[in-house]
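Chemist: Here you go, one structure.
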Amino acid sequence: MYRLLGPLACLALAWFFTWAPSGRCRCRPWETCWPSVADWSALNESMQGNLIRIRPVASVCHGSEYEAAACANVSNMVVDSGWRASNPRTLQDWIWETGNTAQESCFDTTWPGYHHRTSDCHQGRIPLYSAIVESTSDIQSCVKFANHHNLRLVIKNSGHDTAGRSSAPHSFQISTSSLKTISLHENFVPRGSTTGHGPAVTLGAGVMQWEVYAHGVKNAYTILGGECPTVGAVGAFLQGGGVSSIKSFTKGLAVDNVLEFQVVTSNADLVTANENENQDLFWALRGGGGGTFGFVAQATIRVFPDDPVTVATTTIKAAVTNTMFWTEGVRELFRLVQHFNDMHIPGQLVMTRPTTDSMQATLELHFANTTDEAHVTRLLNSQLRPLTLHHISTSTLVRVQERESSELRTKPDIYPPHYGIVAGSVLISAATLRKAQGQSHVASKLSQLPLGSNDIMFTSNLGGRVFENSAIDISLHPAWREAAHLITLVRAVEPTIEDRDSQVSYRNLGDPQEKEFRDRYWGTANYARLAAIKAKWDPHELFMSKLGVGSENWDEEGICRKSLGFVERLSAILKLERWKN
């Protein structure tokens, strides 16, 4: 008997730390608090039929759910980032669709060695229901519904989040995919003000970067956005800070340029947050993280003229075994960035491993309001001589663009097969790079992060306007105003950026297992202020996201509060087993 009790006790303990009763947890499908069919039907009717019960996108390729035509369509579309962004059943990175146990989700039919026809598909981290909201009243209805039934609420904008925040098990999703309003203002006046702030654009929650870029091309403006075209323009990108690898140096962070938010709060009120109204919420939304303080229905953001630009790229290549690639080549490229930054010219460094035997680094510089190709070529060549001394293969290319928008991607990406990433990032201070051996030190540290064939390491140029905007009070970690670069490593396995010179990271591209997220993303003082604002605007923590403000009080999926007792966990096990059987 004692031999039997041992395994049972272990199994029980495992479940104790996985499940908890509804008193401290969001309601789950096997519990009596879960909405009835009539409840879901009433919500659906109030939304004109835009509530859907969802399954993982590849469920049509598995077991009893198999449908040949639908499965073929999934296989064709699964690499289309635009399709993934607008589809409530999937995320950009498939790794966050899966659960923690075997077959607790399902992949597309082309996944190597995956026997889709003979295996069932389980829900994984894909929400159970999705509300395709079309108006603020729809959003308010969904927030009220989630509150009333104590549901785990998630917001899916484009599904790009590298820590899987756009989904959660047993959850109710609000999809922003139909909120596509774009309104251009010649001189935007925030609510409560009489002063115009110049040209701006108001974007609905579902507008993607490529859509606002395309609108800008037609209307001769640009906006500070990210490089990936299917990232949502006003979701976690904006609310998490908003870094542009090239433009931040000359135009600041996205949160430096946001003028106003319209927000549905946790009690379903629609409020305006700007420098005149609800200033605390305005501060929190400018860097405090997406999906945390409320549902941002729209945001108004400053825009800029679509001026000409000359783009110069310098590429170095070397064998993997050539240590001078890092010690001399990459170091010299960092020196070049610093040199041109001092001339108010931004640049980005990208490092890859194009073959198993070679390494490559490319520096791209943007000379704004310049169309003199010969002048730019002379400037660049005058700084490249040190590279030739070390026998590092170097090539340059200079191109003139009549409009800066020509450099933007205005169509969704098509991913390589089986695309899936995780990322890690770290800030490098200007003080570090300006030390006598600062550039060598940074290059040496980067060389210790071996790159695989599908990995990419890149810098985002800070300093410049980011530093000059120090008087703008935002909720990001104060170290952002002193940083020269954000360095990001994107790879197909868990990132490790060890021995950090800076202890600050970018939440939008941070390590999904970051343990010190409060200090790394915001700093002690800012976090305390954010927590107080969270308690005011979302006292019951309806809006919860992984590694977000208040998430330390919840389990990893935001389902159950921590510190649960033995009896509570035992009760949860019994409820779960009854539901499964």
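Using full-length UniProt numbering, read the sequence shown as starting at 1 and increasing by one per residue. Glycine included, every Cβ here is placed at the ideal spot set by N, Cα and C.
Return the CA-CA distance between Ala205 and Thr394, expressed in angstroms with no decimal places.
Modeler: Computed Cα separation, rounded: 44 Å.
Chemist: Provide the residue span of the alpha helix (DSSP H) that contains Thr250, from first to last.
Modeler: That run of the alpha helix (DSSP H) goes 248–251.
Chemist: Residues bridged to Asn147 by DSSP?
Modeler: BP columns for Asn147 are empty, so no partner.
Chemist: At the level of alpha carbons, what is the spacing between Thr488 and Phe458?
Modeler: Straight-line Cα distance between these residues: approximately 5 Å.
Chemist: Among Gln348, His339, His390, which residue has its Cα nearest to the Cα of Trp326?
Modeler: Of the candidates Gln348, His339, His390, the one whose C-alpha sits nearest the C-alpha of Trp326 is His390.
Chemist: Confirm, please, whether the CB-CB distance from Val143 to Thr265 is below 9 Å.
Modeler: A contact, by the Cβ cut-off of 9 Å.
Chemist: Is Ala58 helix, strand or coil when you go by DSSP?
Modeler: If DSSP states are grouped into helix, strand and coil, Ala58 belongs with the helices.
Chemist: Could you tell me which whole beta strand (DSSP E) segments of length 3 or greater appear in the segment 262–324?
Modeler: If we require 3 residues or more, the beta strand (DSSP E) runs fully inside the segment 262–324 come out as 270–273, 295–302, 309–319.
Chemist: Asn73 to Arg89, Cα distance in whole Å?
Modeler: Distance between the alpha carbons of Asn73 and Arg89: 14 Å.
Chemist: What is the rounded straight-line gap between the Cα of Ser470 and the Cα of Thr195?
Modeler: Their Cα atoms are separated by approximately 22 Å.
Chemist: Could you tell me whether the Cβ atoms of Phe237 and Ala254 are closer together than 9 Å?
Modeler: Contact flag set, yes.
Chemist: Under the DSSP definition of a beta bridge, which residues are partnered with Tyr129?
Modeler: Looking at the DSSP assignment, Tyr129 forms a beta bridge with Arg53, Phe172.
Chemist: Can you tell me the Cβ-Cβ gap for Ala131 and Ser177, rounded? I've got them flagged as a contact below 8 Å.
Modeler: About 11 Å; that fails the 8 Å criterion.
Chemist: Give the single residue among Val271, Ala168, Arg55 whose Cα lies nearest to the Cα of Leu139.
Modeler: One point to set straight first is that residue 139 is Ile, not Leu, in the sequence displayed. Selected option, being the one with the closest Cα: Val271.
Chemist: Relative to the C-alpha of Pro539, which candidate in Pro127, Gly294, Leu363, Trp96 has its C-alpha closest?
Modeler: Closest by alpha carbon: Gly294.
Chemist: Glu541 by DSSP, collapsed to three states: which one?
Modeler: DSSP places Glu541 in coil when its eight states are reduced to three.
Chemist: Once the 5 residues before and after Ile474 are set aside, which same chain residues still bring their CB inside 6 Å of it?
Modeler: Around Ile474: Val255, Arg286, Gly287.
Chemist: Judging by CA-CA distance, which residue of Glu404, Ser563, Gly438, Ala38 is the nearest neighbour of Gly225?
Modeler: That would be Glu404, whose Cα lies nearest to the Cα of Gly225.
Chemist: In whole angstroms, what is the alpha-carbon distance linking Trp537 and Ala531?
Modeler: Those two C-alpha atoms are separated by around 10 Å.
Chemist: Taking the alpha-carbon positions, what's the Ile345 to Ser425 distance?
Modeler: Their Cα atoms are separated by approximately 23 Å.
Chemist: Give me, in chain order, the residues of the same chain whose beta-carbon lies closer than 7 Å to that of Gly523; leave out the 5 immediate sequence neighbours on both sides.
Modeler: His477, Pro478.
Chemist: Determine the DSSP secondary structure at Trp30, reduced to helix, strand or coil.
Modeler: Trp30 falls in the coil class under three-state DSSP.
Chemist: Using 8 Å as the cut-off, can you tell me whether the segment 305–315 makes contact with the segment 358–376, which would need three or more C-beta pairs spanning the two stretches below that distance?
Modeler: At 8 Å Cβ cutoff, the stretches touch.
Chemist: My assumption, with CB atoms under 8 Å, is that Leu259 sits in contact with Pro190. Please give the rounded CB distance.
Modeler: Contact flag correct, Cβ pair sits at about 6 Å.
Chemist: Once you ignore the five residues that flank Val263 on each side, which residues in its own chain have a CB closer than 6 Å to its CB?
Modeler: Taken in chain order, the residues that qualify are Val271, Ala273, Gly294, Val296.
Chemist: Name the two residues that bound the continuous alpha helix (DSSP H) containing Ala361.
Modeler: Looking at the DSSP string, Ala361 is not in any alpha helix (DSSP H); the run it does join, the beta strand (DSSP E), is 358–368.
Chemist: What would DSSP say about Asn506, mapped onto helix, strand or coil?
Modeler: Here residue 506 turns out to be Tyr, not Asn, going by the sequence shown. In the structure shown, Tyr506 sits in coil (DSSP, three-state: anything other than H, G, I, E or B).
Chemist: Pick helix, strand or coil for Gln123, following the three-state DSSP scheme.
Modeler: Coil, per DSSP.
Chemist: In the structure shown, what three-state DSSP assignment does Cys560 receive?
Modeler: Strand, per DSSP.
Chemist: Just verifying my parser: in three-state terms, what is the DSSP assignment at Gly206?
Modeler: Gly206 falls in the coil class under three-state DSSP.
Chemist: Given that a residue counts as buried once 16 or more other Cβ atoms are within 10 Å of its Cβ, and exposed if not, what is Val231?
Modeler: Buried is the call here.
Chemist: His485 bridges to which residues according to DSSP?
Modeler: Bridge partners of His485: Ile428, Asn461.
Chemist: Looking at Ala443: is its Cβ nearer than 9 Å to the Cβ of Phe340?
Modeler: No, the Cβ-Cβ distance between Ala443 and Phe340 is not below 9 Å.
Chemist: Note down, in chain order, each residue of its chain lying with its Cβ closer than 6 Å to the Cβ of Ile559, except the 5 sequence neighbours on either side.
Modeler: Hits under 6 Å: Cys25, Arg26, Arg152.
Chemist: Just how far apart, CA to CA, sit Val490 and His160?
Modeler: Going by the C-alpha atoms only, they are around 13 Å apart.
Chemist: Run the CB neighbour count on Lys218, radius 10 Å, all protein chains shown included, and call it buried at 16 or more, exposed below.
Modeler: Under this definition Lys218 is an exposed residue.
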